[in-house]
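Colleague:
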Amino acid sequence: MADVHLSPTEWVQNQTKTILEKGTTEGVLVLGRPIVLLTVRGAKSGKLRYTPVMRVEHDGSYAVVASNGGSSGHPTWYHNIVAHPEIVLQDGTAVREYTARVVDGAERAEWWDRAVAAFPNYAEYQVKTDRQIPVFVLDPK
């Protein structure tokens, strides 16, 4: 995937480069927690972009939490996934295609609990913002 673009944020670039060099997400952590690597298409540019996110997995599906650290707006990649829900996810050395969808109601509550269990900071982020933090579920294609 030579045409895939890295984040302009240096620490995210470094995470992504480490994953690409090692060929695995194993051992690459954020605040002591495991991550996965998404490849998403830009909403406006159409270019492929790498996005490392916290690992939240259950029965072969994943959740992606658009927390943006609890800020008032969604992260840029949120808009990319809404525009182009067909994504690639790497977990360890496994690389698979998924379809993303925003969840709500009881399904969101269930995935939110899983996300907070995987990365407790999400609960703090929700308190910091007035928006309900979106949760995508990624189902295998």
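FYI, the numbering for the sequence shown is 1245 to 1385, going by the numbering used here.
Each residue gets a CB set at the ideal place from its N, CA and C atoms; glycine is no exception.
Remember, it's a predicted structure, so these values are computed and weren't measured experimentally.
By DSSP's criteria, Y1294 is part of a beta bridge. Which residues make up the other side?
Modeller: Paired residue(s): T1283.
Colleague: Does the contact criterion of 3 or more C-beta pairs under 8 Å hold for the stretch 1322-1330 versus the stretch 1348-1366?
Modeller: No: fewer than three Cβ pairs fall under 8 Å.
Colleague: May I ask you to verify whether the stretch 1337-1353 touches the stretch 1289-1302, counting CB pairs closer than 8 Å and requiring at least 3?
Modeller: In short, these stretches do not touch, since the Cβ pair count stays below three.
Colleague: Quick one: using the 10 Å Cβ neighbour count with 16 as the cut-off for buried, is T1337 buried or exposed?
Modeller: Its Cβ having fewer than 16 others within 10 Å, T1337 is exposed.
Colleague: By a C-beta neighbour count over all protein chains shown, 10 Å radius and 16 as the cutoff for buried, is V1297 buried or exposed?
Modeller: When all chains shown are included, V1297 counts as buried.
Colleague: What separation, rounded to the nearest whole angstrom, lies between the Cα atoms of L1292 and H1249?
Modeller: Cα to Cα, the separation comes out at about 6 Å.
Colleague: Leaving out five residues before and five after R1375 in sequence, what residues of the same chain have Cβ atoms less than 7 Å from its Cβ?
Modeller: Excluding residues within five positions, the ones whose Cβ falls inside 7 Å are S1316.
Colleague: Nearest by alpha-carbon distance to L1382: which of L1264, V1280, K1372, G1314 is it?
Modeller: Checked all of L1264, V1280, K1372, G1314; the closest Cα to L1382 is V1280.
Colleague: Determine, using beta carbons only, whether A1307 and F1380 come nearer to each other than 9 Å.
Modeller: Yes.
Colleague: Taking the runs of the alpha helix (DSSP H) that are 4 residues or longer, which of them lie wholly in the stretch 1323-1373?
Modeller: Fully enclosed alpha helix (DSSP H) runs of 4 or longer: 1349-1362, 1365-1372.
Colleague: How big is the Cα-Cα spacing for V1339 and T1268?
Modeller: Roughly 10 Å separates the two Cα atoms.
Colleague: Just grab the DSSP bridge partners of R1277 for me.
Modeller: Answer is V1274, bridged to R1277.
Colleague: Give me whichever residues DSSP pairs with S1305 in a beta bridge.
Modeller: Its beta-bridge partners are H1302.
Colleague: Hey, out of P1384, E1341, G1313, H1323, whose CA is closest to T1373's CA?
Modeller: Nearest option by C-alpha distance: G1313.
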